Amino acid sequence: MRRQTATGGSNSAGSGRVLRLDPLSLPVSYSAHDTRADGGIRQIELHRERVVLRRAVSGMRMALNLRVSDFLGIALREIDDTQMMLILAHRDPSLSIPICVSDDQDEIVTAWAMWSETFALPQLQEPKRDAAPRRRRRNAIRSRRPRFLMRRRVGHLLNPASVHRGEREIIARS
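At position 85 of the sequence shown the residue is numbered 85 (our numbering), and the sequence of numbers has no breaks.
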């Protein structure tokens with residue numbers, strides 16, 4: 001069994017290399033970014049028939065063993081204007097796996113076809129997602145106040161306090 005660890009995964013700081021895995025040299029073991037996992041990293045083992053995801057969430061270590069046939073296909077996602085990424089797409093977006101990142105369009109199309117053929121999965125095109133419009137903020141305290149207090153009007157005092165302006169001294173007598 002041959003493992004490919006030095007060519008892919010999360011690179012050290014300052015490394016200019018991007019993620020490129022070879023579909024012809026499976027099994028592959030590498031690490032990828034995961035926002036929910038402790039430390040932000042998950043370990044991925046990619047075989048021809050299965051995928052093993054290892055990560056720790058809130059101190060609980062887990063390993064998910066998924067069949068490749070459970071995935072929807074190989075999806076092409078645009079990261080920005082220049083870079084594109086291939087992912088092994090799953091119904092649950094947190095289980096989708098990055099396979100290749102490149103800024104060369106010819107290279108990414110060739111890799112897309114090779115990965116699709118290797119796993120016998122369809123090639124999927126992800127629509128470009130625009131930023132969602134910002135939702136209108138609601139007042140956080142509003143839900144904690146009773147509604148009838150919002151409808152009440154301020155009352156008037158029957159005996160308003162005496163205000164003495166311009167006098168030099170006010171003496172309180174009982």
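Backbone N, C-alpha and C fix where the C-beta goes; we use that ideal spot for every residue, glycine too. Just so it is clear, the structure is predicted and the values come from calculations on it, not from any experiment.
Requested in this report: Label residue 9 either buried or exposed according to how many other C-beta atoms from any shown protein chain fall within 10 Å of its C-beta, with 16 as the threshold for buried.
Outcome: For residue 9, the predicted model reports a pLDDT of 41, less than 50, meaning its position is unreliable; a value from the coordinates is still stated below. Counting Cβ neighbours within 10 Å, residue 9 comes out buried, since at least 16 surround it.
**Report entry** At least three beta-carbon pairs within less than 8 Å, the segment 83–90 to the segment 101–112
**Finding:** yes
Query raised in the report: Is residue 172 helix, strand or coil by DSSP?
Result: coil
Requested in this report: List the residues that DSSP assigns as beta-bridge partners of residue 45.
Outcome: 29 and 52
Query raised in the report: Helix or strand or just coil, what does DSSP make of residue 111?
Result: helix
Query raised in the report: Per DSSP, what kind of secondary structure is residue 101 in: helix, strand or coil?
Result: strand
Query - Beta-carbon proximity list for residue 118, same chain, < 8 Å, skipping 5 on both sides - result: 23, 24, 26 and 48
Query raised in the report: For residue 117, does the three-state DSSP call read helix, strand or coil?
Result: helix
Requested in this report: Mind checking which residues open and close the beta strand (DSSP E) that includes residue 77?
Outcome: 73–78
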